[in-house]
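Chains as they are written, first to last, in my numbering: chain A, 525 to 852; chain B, 1015 to 1275; chain C, 15 to 382.
Glycine included, every Cβ here is placed at the ideal spot set by N, Cα and C.
Everything below concerns the one structure shown next.
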Amino acid sequence: MSDDVAPRAGRGPDTADRKRLTFWGTLSSWTPYRLVVGLATASPRRQFLILAAFPLLWVLTQHLGPMLQMLRVSFTDAYPVAPGVEQHFTLDNYARFFGDYIFWQPFFRTLTFAGVFTFCTLILTYPVAYFLARHVSRKNQMLMLLLLLIPFWVGEIVRTYAIMILLGNTGAVNQLLKWLSLIDRPIPFMYTSFSMGVGIVYLTALYMLLPLYSALEKLPRSYNEAAADLGASAWTRFRRITLPLTLEGISSGCTLVFLISTGFYATPVLLGGPSTTVFAETIAGFFHVAGDEWPTGAAFATIMFVAAIFLTGAFQKLMNSLRKGDTN
Amino acid sequence: MNRGNRILLSCVYWAFVLYVFVPLLLMILMGFKDSKFIGFPIRSWTLDWYTGVFDDAAVPSAFVYSVVIAVLATMISVFVGTWIAVLLEGRKFLGRTAMFGLTVLPALVPGIISAIAFRIYARWLGIEPGMGAIVWAHAVHNVPFVALVVMARLSTLPKSQIEAARDLGADPIIAFLRITLPYLVPAILGASIFCLLLSFDDFVRSFFLGGYEPTLPVLIFAKLRSGMSPEINAIATIALVLTAAIGIWAERFTRRMSKDT
Amino acid sequence: MTKLTINRRRFLGTAAVGAATLASPAYLRRANAAGGEVNIWTYNDFVPEAFKKQFEADTGIKVNIRLVDDQGKQFNLLAAEAPNPTVDIMTVAGHRFLQFIDSDLLAPLDTGRLSNWANINPTFSESDWSTINGNKWGAPILSGMEVLSYNTDLVSPEEARSWDVLFSEKYKGQTAYIIQDMMSIVMLKMGYDGNMVAYLDDPEKAAAIVEEAKAFLIEKKPLVRKYYDSGAEVQQMFINQDIALGHSWNGPAAALINDGFPLAMTIPKEGSYGFVYTYNIANNAPNADNAYTFLDAILASPEIGASMTKASGFISTYKDASQYLTDLEKKSTSFSDDELENLQFFRAEANEMKYGLVDPAVEAIKAA
């Protein structure tokens, strides 16, 4: 970084170096700069306050602000407010969810799906991350990881349509099976929870792969070698060493994937069937229809978010106690 | 690790590669189909969809617009995310856990919920829909990823280096700029790539906060109304090739940088 | 090559404008807009590119288009901007007028300012839905309808004469429909008024009818492959042969027919509903004069109407537009008189009551 600051065109490394020193030297002896720094770092306390002020302001206004604003809207009876209409506080939007069972089914379905898909993603990506971290030379790891990640940057919609032509009745998989004479008539993969799962795991694999990989990569190989020397079988080594030591990666990957899967909209709508309606679709419905439905949508979104956070919180507690249990 | 396990593992790995790449290859293949719709069977082939991309001014314009948004949003996220990481890493203070929770909050809010929350908040703040609003939403959404990646790297910074610099009379700011920041460069670059691509690919936030100019994903969504045509596959393929090239270049670049430091 | 260069310069230009917009305060932008612009919200391909270029060259008015993909989203966007919208012209489906009018979002259309108003086929411009509160509210441009589409390799025209085929055991798992639209059709099929105008004074009867239609669709749920939302989805399902037949709008079906896919569409004997896309001027539009200039220009020639039809598959509302269509395009956008006999337009009068009942019913069917 500092190289960019120093003008070095046309000079030898020697002069460039001296020039750079002079730049920083000049800066640190420049009176206004010294005054500012002196003031800012007068005491550790002041230094900390200055360091902390901006991030605190940012997270409060930018990270928390939108959520609080949504919360506020969820307690009103009209939004956006039309001219001449008065806005009132109400709990009706929440009552609507608890009062009508037809909303519960997509709600619980979403949580179940998210859980199942998270588990599938974990099972699928763990061996991949393990292979990458353990059986690929360090030099090539990043490149291979990157190659695996490239397809995730194709837009969600385009990728979803690609899955349709993969799994459709005349899709690639059915054609292959037919060609192999394994089937006579196409298998209807599409518009089931299976096709939806294929699409969602595709989207979430990335968020699972990265934490798992970094957990596995940090794990010293010597532990396993030592255990092997003591005669532990491969399965025992995995169960007693690798798995416990990567629990943190598993826990953060699962948390991220679970939360993200509860929010998917386009993929379940496009790949799911008549009986796989998810809650995001219900929520989005309130924002598509006209009138004063935004507050209801905001209330439903809040319910979903609170439920998802509560579940992942419980999950993290469980993982923590597992981890503690193992180290004792 | 015995041989059988190893073979099994590599089979799983390659199966995953297949799963990841087959839809991608299908997508690329369909960009060459001579029909207005994608899907099998393919009766004849054409390059027209690719040449067409460059004739339709809307596509390159949306591409550039998306890139500009992604770059601006990433710059903001990197600045803020790094700052937060420096505050959080290796420091114990009252409310640190709360601060950490608030920092990662935007990454945990499901897509549609976050888009709607941003839309409502923007209206409340008086931010008009358009480029500024999209950049803002993308930047906020990406901060947690930068903070997490930078914190991970920061935790491995040898404390002795900073102390040495301080002993030699460097003030905290110069010590940060000359020691810490260069050490963080690989992490910042990695996080930037991640942010760029997250922002580039985002549909739902861009849609809710956008104005008259469509970003590439928003344009694709609008085009979809008149059918999923190979044109969209051609656009996606070109965008993919460009982003992949940038990604691989950045990986090489990062590798060189980390060798230097 | 020249073309390429121009394009590149243009998009670099737009990027720079984008960056400048970010910096300039809102009031400056509004002032700029009053200069020579017209802002339009519409669907992809509803403003032909060639026409747009010509119009910009002729009048010096810059045409800004924001693509929308859904009527509800468009309403929400406009509601969020009211009472000072950035938009001049929106594309509203005729039967949704009322909702926009009730919220004060549309300005009445002064047809006297449109010298080309007479170029529109009176079937559309003088239809029952088009005059509300004694005013015209939009210029009809394209017409769509709810049709039964079927793969001609798999389904015979005889079978497709009735909506019942959608619910037959024979095609179990091979059908798809848009559930909201299907509710209206099922009501019609059962002999009721799917527009619900007839029951405005009898809300209990209306609720009972919706309940009956809902129960029917829930009973038939095991037979359906997919409740879909967008035209692109139904097209893809036909191509992948995931479905053999389905309810669709005529536009997406026509596009498949024009591409050579073995598809046909029909208005079944029980009848169906049609709707008309219109260009409307926003209440308090920032560039209302330019908006009238634009509307008059786009109505000027049947050729423009034909090119909208070519791009969208919907039927043109312009007189004589069909003479600019190929035979296949004509075939995919015309119906026999017998079929048209059974067609009626969606009406807006009872929408509030209707959708107050239908929307929850749709949720219930999806959840069942």
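- In terms of beta-carbon proximity, Gly773 (chain A) stays away from the interface with chain B, with every pair separated by 9 Å or more.
- Between the beta-carbon of Phe627 (chain A) and that of Thr770 (chain A) there is about 38 Å, and that puts the pair past the 8 Å contact cut.
- Of all residues in the stretch 243 to 265 of chain C, those with a C-beta nearer than 7 Å to a C-beta of chain B are Ser244, Gly245, Ala246, Gln249, Gln250, Ile253, Asn254, reading in chain order.
- Contact with chain A is found for Tyr1033 (chain B), since one of that chain's Cβ atoms lies less than 9 Å from the residue's Cβ.
- Chain C has no Cβ within less than 9 Å of the Cβ of Asn844 (chain A).
- The DSSP-derived three-state label of Phe788 (chain A) is coil.
- Per the coordinates, the alpha-carbon of Glu218 (chain C) lies some 11 Å from the alpha-carbon of Met367 (chain C).
- Taking C-alpha positions only, Val1154 (chain B) is separated from His587 (chain A) by approximately 7 Å.
- Under the DSSP assignment, Phe713 (chain A) falls outside any beta strand (DSSP E); it carries neither an H nor an E label.
- The way I'd put it, the stretch 71 to 89 of chain C doesn't touch the stretch 335 to 343 of chain C; fewer than three beta-carbon pairs between them come closer than 8 Å.
- By the neighbour-count criterion, in which a residue is buried when 16 or more other Cβ atoms sit within 10 angstroms of its Cβ, Gly695 (chain A) is buried.
- Taken atom to atom, the span from the alpha-carbon of Phe1190 (chain B) to that of Val583 (chain A) is near 23 Å.
- Taking 9 Å as the cut-off, the Cβ atoms of Ala638 (chain A) and Ile1126 (chain B) do not count as close.
- DSSP places Phe1093 (chain B) within a helical segment (H, G or I) once states are collapsed to three.
- Within the stretch 1224 to 1240 of chain B, contact with chain C at the beta-carbon level (separation under 9 Å) is assigned to Gly1224, Gly1225, Tyr1226, Glu1227, Pro1228, Val1232, Leu1233, Phe1235, Ala1236, Lys1237, Leu1238, Arg1239, Ser1240.
- For the pair Val376 (chain C) and Gln113 (chain C), the CB atoms are not nearer than the 9 Å cut-off.
- Between Gly327 (chain C) and Pro266 (chain C) the beta-carbon gap is near 6 Å, inside 8 Å, which marks them as a contact.
- Counted as a single uninterrupted DSSP element, the alpha helix (DSSP H) harbouring Leu1212 (chain B) occupies residues 1195 to 1215.
- DSSP, reduced to helix, strand and coil, places Lys663 (chain A) within a helical segment of the structure shown.
- Under the DSSP definition of a beta bridge, His261 (chain C) partners with C:Leu162.
- When 9 Å is used as the limit between beta carbons, Phe1190 (chain B) is near no residue of chain A, the shortest such separation being about 10 Å.
- Of the candidates B:Ile1252, B:Trp1263, B:Leu1238, the residue whose Cα lies closest to the Cα of Ile1052 (chain B) is B:Leu1238.
- In terms of CA proximity to Thr1096 (chain B), B:Leu1198 leads the group B:Cys1209, B:Leu1198, B:Ala1250.
- In its chain, beyond the 5 residues on either side, Asp601 have a beta carbon closer than 6 Å to the beta carbon of His612 (chain A).
- Residue-level contact by beta carbon holds for Pro374 (chain C) and chain A, with a gap shorter than 9 Å.
- Between Gln358 (chain C) and Tyr287 (chain C), the gap from beta carbon to beta carbon is short of 9 Å.
- From the listed residues A:Val560, A:Leu595, A:Tyr654, the smallest Cα separation to Pro744 (chain A) is found for A:Tyr654.
- DSSP, reduced to helix, strand and coil, places Lys333 (chain C) outside both helices and strands of the structure shown, so it counts as coil.
- Residue-level contact check: Lys380 (chain C) touches chain A, since one or more beta carbons of chain A fall below 9 Å from its beta carbon.
- Against chain A, the CB of Asn1019 (chain B) has a partner CB under 9 Å away; the residue lies at that interface.
- For the stretch 316 to 371 of chain C, the continuous alpha helix (DSSP H) assignments of 4+ residues that do not extend past its boundaries occur at 316 to 326, 341 to 346, 351 to 355, in sequence order.
- Taken through DSSP and simplified to helix, strand or coil, Phe275 (chain C) comes out as coil.
- Interface flag for Tyr685 (chain A) against chain C is set, since a Cβ pair is found closer than 9 Å.
- Inter-segment contact for the stretch 300 to 311 of chain C and the stretch 88 to 104 of chain C is present: three or more beta-carbon pairs are separated by less than 8 Å.
- Taking the CA atoms as reference points, Leu573 (chain A) sits about 9 Å from Ala564 (chain A).
- Closer than 9 Å at the C-beta level to chain C, one finds these residues of the stretch 1126 to 1137 of chain B: Arg1133, Arg1137.
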